[in-house]
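Chains A and B, in that order, give the protein sequences. According to the numbering used here, the first sequence is numbered sequentially starting from 1. According to the numbering used here, the second sequence is numbered sequentially starting from 1. What follows is a short report on a single structure.
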Amino acid sequence: MLYDVRHETAYTYATPVPYGRHLARMLPVDRPGQRVLAAALTIDPPPAEWEDGRDFFDNAVSRVVLDVPHEKLVLTVRARIELERRPAAVADATPTVAAVRRAAFASDDFGPRAPAHQLYASRIVSLPSAIRDYAAESCPDDRPILAAASELMSRIHEDFVYEPGATDVKTLPLMAFEMRRGVCQDFAHVMIAGLRGLGIPAAYVSGYLRTTPPPGRPRLEGADATHAWVSVWCGEAVGWVDLDPTNDMPTGEDHLTIAVGRDYADVAPVAGVIVGSGGQRLKVGVDVVPVVPREATALAEKPVAASLSP
Amino acid sequence: MRAGDAARRTKPKAGESLVAGYRPLPGIYDEMVEADGRVRPHWQRLIAGLGELPREELARRFAVADRSLRDSGVFYRVYDEDGGGERPWPLAPLPLVVAADEWKALARGLKQRAALLEAVLDDAYGPATLVADGALPAALIAGSREFLRPLAGVAPPGGAWLRQYAVDLGRGPDGRWWVLGDRTQAPSGAGYALENRVAVSRALPELFRDLEVQRLAGFFQAFRSGLAGLVRRDDPRIGLLTPGTLSETYFEHAYLARYLGFLLVEGGDLVVRDDAVYIRTVAGLKRADVLWRRLDADYADPLELNPQSRLGVPGLVDAVRHGSVVIANALGSGFVEGRALMGFLPGLAQRLTGSDLEIPNIATWWCGQPAERDEVLERLATMAVGPAFEASLPEVLDRGMTLGSAIDAPTLARVTAAIRRRGADVVGQEVVRLSTMPVWREGKLEPRPFTLRVFVTRTESGYEVMPGGFCRISSRADARAVTMQDGGTSADVWVLSDGPVEAVTLLSASDRSAVRRSTGVLPSRVADNVFWLGRYLERAEATLRVVRALVGRLDAVDAASAPPIRRLADLLVTWNAAPAKPRPVGLIVTAFAAMTRDDLGGAIPSLASAARGTASSIRERLAPDAWRVLGDLQRPDQAPPAQPTGADLFELANAALRTLSAFAGLAQENMNRHSGWRFLDLGRRIERGIATARFAGVFGEEAASFGDLDVLLELADSQITYRSRYLAGLARTPVVDLVLLDPANPRSLAFQIGEIEEHLAMLPGGTGGGPLTPPQRIAARLATDLRIADPATVTVDDVRAAERALLSLSDEIATRFFSHRGRPEAVAAEELG
Numbered sequence: 001m002l003y004d005v006r007h008e009t010a011y012t013y014a015t016p017v018p019y020g021r022h023l024a025r026m027l028p029v030d031r032p033g034q035r036v037l038a039a040a041l042t043i044d045p046p047p048a049e050w051e052d053g054r055d056f057f058d059n060a061v062s063r064v065v066l067d068v069p070h071e072k073l074v075l076t077v078r079a080r081i082e083l084e085r086r087p088a089a090v091a092d093a094t095p096t097v098a099a100v101r102r103a104a105f106a107s108d109d110f111g112p113r114a115p116a117h118q119l120y121a122s123r124i125v126s127l128p129s130a131i132r133d134y135a136a137e138s139c140p141d142d143r144p145i146l147a148a149a150s151e152l153m154s155r156i157h158e159d160f161v162y163e164p165g166a167t168d169v170k171t172l173p174l175m176a177f178e179m180r181r182g183v184c185q186d187f188a189h190v191m192i193a194g195l196r197g198l199g200i201p202a203a204y205v206s207g208y209l210r211t212t213p214p215p216g217r218p219r220l221e222g223a224d225a226t227h228a229w230v231s232v233w234c235g236e237a238v239g240w241v242d243l244d245p246t247n248d249m250p251t252g253e254d255h256l257t258i259a260v261g262r263d264y265a266d267v268a269p270v271a272g273v274i275v276g277s278g279g280q281r282l283k284v285g286v287d288v289v290p291v292v293p294r295e296a297t298a299l300a301e302k303p304v305a306a307s308l309s310p
Numbered sequence: 001m002r003a004g005d006a007a008r009r010t011k012p013k014a015g016e017s018l019v020a021g022y023r024p025l026p027g028i029y030d031e032m033v034e035a036d037g038r039v040r041p042h043w044q045r046l047i048a049g050l051g052e053l054p055r056e057e058l059a060r061r062f063a064v065a066d067r068s069l070r071d072s073g074v075f076y077r078v079y080d081e082d083g084g085g086e087r088p089w090p091l092a093p094l095p096l097v098v099a100a101d102e103w104k105a106l107a108r109g110l111k112q113r114a115a116l117l118e119a120v121l122d123d124a125y126g127p128a129t130l131v132a133d134g135a136l137p138a139a140l141i142a143g144s145r146e147f148l149r150p151l152a153g154v155a156p157p158g159g160a161w162l163r164q165y166a167v168d169l170g171r172g173p174d175g176r177w178w179v180l181g182d183r184t185q186a187p188s189g190a191g192y193a194l195e196n197r198v199a200v201s202r203a204l205p206e207l208f209r210d211l212e213v214q215r216l217a218g219f220f221q222a223f224r225s226g227l228a229g230l231v232r233r234d235d236p237r238i239g240l241l242t243p244g245t246l247s248e249t250y251f252e253h254a255y256l257a258r259y260l261g262f263l264l265v266e267g268g269d270l271v272v273r274d275d276a277v278y279i280r281t282v283a284g285l286k287r288a289d290v291l292w293r294r295l296d297a298d299y300a301d302p303l304e305l306n307p308q309s310r311l312g313v314p315g316l317v318d319a320v321r322h323g324s325v326v327i328a329n330a331l332g333s334g335f336v337e338g339r340a341l342m343g344f345l346p347g348l349a350q351r352l353t354g355s356d357l358e359i360p361n362i363a364t365w366w367c368g369q370p371a372e373r374d375e376v377l378e379r380l381a382t383m384a385v386g387p388a389f390e391a392s393l394p395e396v397l398d399r400g401m402t403l404g405s406a407i408d409a410p411t412l413a414r415v416t417a418a419i420r421r422r423g424a425d426v427v428g429q430e431v432v433r434l435s436t437m438p439v440w441r442e443g444k445l446e447p448r449p450f451t452l453r454v455f456v457t458r459t460e461s462g463y464e465v466m467p468g469g470f471c472r473i474s475s476r477a478d479a480r481a482v483t484m485q486d487g488g489t490s491a492d493v494w495v496l497s498d499g500p501v502e503a504v505t506l507l508s509a510s511d512r513s514a515v516r517r518s519t520g521v522l523p524s525r526v527a528d529n530v531f532w533l534g535r536y537l538e539r540a541e542a543t544l545r546v547v548r549a550l551v552g553r554l555d556a557v558d559a560a561s562a563p564p565i566r567r568l569a570d571l572l573v574t575w576n577a578a579p580a581k582p583r584p585v586g587l588i589v590t591a592f593a594a595m596t597r598d599d600l601g602g603a604i605p606s607l608a609s610a611a612r613g614t615a616s617s618i619r620e621r622l623a624p625d626a627w628r629v630l631g632d633l634q635r636p637d638q639a640p641p642a643q644p645t646g647a648d649l650f651e652l653a654n655a656a657l658r659t660l661s662a663f664a665g666l667a668q669e670n671m672n673r674h675s676g677w678r679f680l681d682l683g684r685r686i687e688r689g690i691a692t693a694r695f696a697g698v699f700g701e702e703a704a705s706f707g708d709l710d711v712l713l714e715l716a717d718s719q720i721t722y723r724s725r726y727l728a729g730l731a732r733t734p735v736v737d738l739v740l741l742d743p744a745n746p747r748s749l750a751f752q753i754g755e756i757e758e759h760l761a762m763l764p765g766g767t768g769g770g771p772l773t774p775p776q777r778i779a780a781r782l783a784t785d786l787r788i789a790d791p792a793t794v795t796v797d798d799v800r801a802a803e804r805a806l807l808s809l810s811d812e813i814a815t816r817f818f819s820h821r822g823r824p825e826a827v828a829a830e831e832l833g
């Protein structure tokens, strides 16, 4: 499946901002099942300094500095991404919760995708007993991990109300858990807190959903903005499996990944520090459109810009 | 040991009464005496020396030590914030004595440990071969919040992670020293050790000299040149990065910055430009080459580390990545402090340093491994359990390290379940029983357990260990290491030498150093504070003069005095030094309010506290005496009587004025003539000019009476000059000339402007043939106006215009020099759907 993505993040300031330093994690990169055919980030006004690199979790990072007074800052990503259909893991054939826990703490992997990084409390996700106990109902030690995690996902979807505005970016998992409501970010944080509390590695994934559903299927929640879901480690052999508690589904042909981290703080699309804005407004627009195959071939063969993702 | 000492090996007579009745705790090693009560050889000279002093003299000496600490300003924090901050470990006067050869062995072991931790850091942030080889579990590194992932793969600029490292030591019942913990993040205590040394060596100077105690100055010198040597620039600029005045160890930061000649900077003073770190100074941005970090690394950069931090520098991690700034200790060093790692260090020592740990660390079982977990579960009652990485483990071990034997049943159930579920969060540790040392309590010596913090620094030629340390003594006799808590005392540590010690004078160390000159750079935040310190002090002085003039006239019987007195009272109300209502307010009440009310912004207590507020963030630049004077102003020794008379208030105001002139004298004599002093004096001159103009506006009107003119002369402190110059009585024209226009009268408005012009010319951008700066332009115009004015025709409007000019001069100075005021803010975070 082939998609064209356009993601625009626009800041408007009340008074001109003379200086800003930003860190953008907006460019998608190749991942298992995902190929980035072309991707480019444009920033207006053009930054004085611009460095591209990878962070600890191997996400693309752009570090930029703006030093001319500006009242508006617009960061836009355009990308063409191909998703391959991958065989779904058979839930009942995955190792047990206890086996995964044991393997995770004993793992000698320290790379970007190592389970060890996703085992502990992180900046936003603490491990409160309330969420852990809620998760434990689905996760007895002898149950296959994917069956357990899938049930937890379904329960969150069932028990929680999807309600934009009920929470904001600063809402902590325990607050969302107690209110039983929130948006994708809260659902993901709660599920991560529950799994990690039981010693199961769980990561936070940011990405996109297609904006309009295929004919005959309902529109998915979270399609107007950047979306978030959970990646669960199912042991060395199976590896990471992505589950979307907001839509109660494993990710498949509709989920495009931007970045992976321990929680939102690791993958925030734009972080930045400015001097003297006198107030700011943020507007985000996301379009994810499937590409018809013939047109796609033509475009993909075009030479691509310098900031093409490796 | 020298020949003469052999004779003194037996229990010295002079000290006998001192140690009579002193007995070690059962089964516990005591530093001073052996189990049978005999004084150990290396303590004998101290005990004999103390024994020679009569008890009253001993008490007096100990009081000297106490006062010495007070003089250094330590205790003043008590007044600053409500309920906040007396020094956590006040001084116990008796030092801990350590023999020379024992110290040598300790120092060797500590150097090995520093090298070991350095190697672990290097590997964890680099190739991570220890993990790949199974020597360190991945989950052990990943579990530490202080393992800072943005720093992975970044070699620390300057080539090392640890520049100053501290180890907490304790001695077990068998006489062996044990490492209780490592401090790699931003160890505190070196400054307290230095202070304790100054205080105790002052109290016991002969003993300190006779015992050949090793000096501390060399260590600090080595630390400083170690940092300076990392920079290739001729004049490297070293800053001490502090979280600010609210930090509980701020006093130590200020003290050490002053001692080492480092620039004390806060995050807001620093800015990253072109991948390098700069200090915002009154002369623009100046490069910072080295930062000695006393701020936890996670707070150091809100952009790449903790976004909640308001103490850091956005982009600092990126500057490190580009190798343009040395941070000591390097960002990320904190992770080797974790308790869990201690369980692995004995094994890692063999692999990384080629030999066993020379000083063992306290046995530690990390429950992230099955065998260790089972061991801890089995022996929980005889161990201490605690969080593996942090100070506390929420909902399980909220209070940190806990004795297994002291855990109640519900907590035990929680801890056991937590270990079974997520053992990686927990460690078990052996319970160490600490040795004791003597403390002076109610006229006699008693044994108390202690821990010893020792400092190691990295130099070009290897590690150096401070011959001394920060010794913390428990207030209770319970010798288990886990029970050490705040509330005890601290002691100086006397490491004896086996040869004569080189006499290095401590506090005047190395004015020759090139590093020292760099304090000439003045951060604009500091300039701002110094400037306002000057303004507040001068405002207090003006208010005091009004009060004194007012109460000094209360006894006057002539009717002519009444209107000026009323005007003085009105002035206090206008300045918000006294309440306006209910009217009419009695004159005494008005004056009393100006002296005592802390809820009125213009009254003396408020001004004094504002002055101290600005001064508290520039402590390292003020002489300790000057700081004390400010304390006196805020809390005078002499409390005002409940029903004061005019004479009482006159005396009170006089005493406060004396205090202020003591400060002015100290500033004049003791502050170096760098820009800091200029900003202080600028603030004073501007405020004095404003006050003089206001006085002239009220008491120098065209129709001013003799009484008015008399008040004006008094407020402008110009009576004597006037009388010596004009033998006839008071007349407006000569009074106006003297108070406003005479450039030779140090109290006149013209004189203040002259001084202001001189300061502005000496500040950055003030000379060099370019056009005048905006503040200079205002000052020059005002100076000219005053020079050409005719004293006979000066009007109140002219005076008001001068006052307005001074106010805008103050604003222009702020715009030009105080660039730190624009605080950075974070951009809004994008909400995910």
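Glycine included, C-beta positions come from ideal geometry on N, C-alpha and C. Predicted model only: the values in this text are computed from it and were never measured.
Outcome for residue i when other beta-carbon atoms lying within 10 angstroms are tallied against a minimum of 16
i	result
residue 639 (chain B)	exposed
residue 118 (chain B)	buried
Below-7 Å beta-carbon distance, residue i vs any chain B residue
i	result
residue 177 (chain A)	no
residue 125 (chain A)	no
residue 232 (chain A)	no
residue 21 (chain A)	yes
residue 34 (chain A)	no
residue 139 (chain A)	no
residue 42 (chain A)	no
residue 107 (chain A)	yes
residue 91 (chain A)	no
Nonlocal neighbours in the same chain, by C-beta distance under 6 Å from residue i, ignoring five residues either side
i	result
residue 335 (chain B)	144, 146 and 147
residue 313 (chain A)	Limits of chain A in this structure are 1 at one end and 310 at the other, which puts residue 313 (chain A) out of reach.
residue 170 (chain B)	178, 180, 432, 434, 451 and 481
C-alpha gap between residue i and residue j, whole angstroms
i	j	result
residue 64 (chain B)	residue 56 (chain B)	12 Å
residue 252 (chain A)	residue 91 (chain A)	15 Å
residue 116 (chain B)	residue 192 (chain B)	27 Å
residue 167 (chain A)	residue 15 (chain A)	28 Å
residue 498 (chain B)	residue 214 (chain B)	10 Å
Assumed close pair residue i, residue j - CB separation to whole angstroms, cut-off 8 Å
i	j	result
residue 150 (chain A)	residue 243 (chain A)	6 Å
residue 126 (chain A)	residue 394 (chain B)	7 Å
C-beta neighbour in chain A for residue i, strict 7 Å
i	result
residue 372 (chain B)	no
residue 303 (chain B)	yes
residue 341 (chain B)	no
Residues of its chain near residue i, where Cβ-Cβ distance is below 7 Å and the 5 sequence neighbours each way are ignored
i	result
residue 594 (chain B)	543, 547, 572, 577, 578, 603 and 604
residue 18 (chain B)	47, 50, 51 and 445
residue 533 (chain B)	611, 614, 615, 680 and 683
Proximal residues to residue i (C-beta, below 8 Å), its chain only, five neighbours per side dropped
i	result
residue 733 (chain B)	791 and 792
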